[in-house]
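Chemist:
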Amino acid sequence: MQTRTIGIIMTVIGIIMLLYNSFNYVTTEKVVDLGPIQVNKEVNHPLEWSPIIGVILAVIGVVLILRKNK
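Residues -17 to 52 in my numbering are what the sequence shown spells out, letter by letter.
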């Protein structure tokens, strides 16, 4: 990949990380299993990151876009 392409990808990911600071995904766990009776529990797993990471990715991406290829 060229440096410019990597820079564009990093900038887009950085902007998305600034707009969305976290997301959740849900898993199902079996709590009770008594023959035909089953009790399941849905568990939320939040995934969060700092907006500073998004800023850093966006800045590095812009630097890579503006940098001249050798």
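Quick reminder that beta carbons are idealized off the backbone N, C-alpha and C, glycines included.
Please check the pair Asn65 and Asn6, which I expect to be a contact at CB under 8 angstroms, by giving their CB distance rounded to whole angstroms.
Modeler: Because the chain in this structure spans residues -17 to 52, residue 65 falls outside the shown range and cannot be described.
Chemist: Quick check: the stretch 41 to 50 against the stretch 7 to 19, are there 3 or more CB pairs under 8 angstroms?
Modeler: No, they do not touch.
Chemist: Going by beta-carbon coordinates alone, are Leu0 and Gly43 separated by less than 8 angstroms?
Modeler: No, the pair does not count as a contact, with Cβ atoms beyond the cut-off.
Chemist: How close, in whole Å, do the beta carbons of Ile(-12) and Ala40 come, if the pair is a contact with beta carbons under 8 angstroms?
Modeler: About 13 angstroms separates the two Cβ atoms, so there is no contact after all.
Chemist: Going by DSSP, what residue range makes up the beta strand (DSSP E) through Leu28?
Modeler: Per the sequence shown, residue 28 should be read as Pro rather than Leu. Counting along the chain, the beta strand (DSSP E) containing Pro28 begins and ends at 19 to 30.
Chemist: For Met(-8) and Leu46, which I take to be in contact (beta-carbon distance under 8 angstroms), what is that distance rounded to the nearest angstrom?
Modeler: At roughly 7 angstroms, the Cβ-Cβ gap stays under 8 angstroms, so Met(-8) and Leu46 are in contact.
Chemist: Between which two residues does the alpha helix (DSSP H) harbouring Arg(-14) extend?
Modeler: Here the alpha helix (DSSP H) through Arg(-14) covers -15 to 1.
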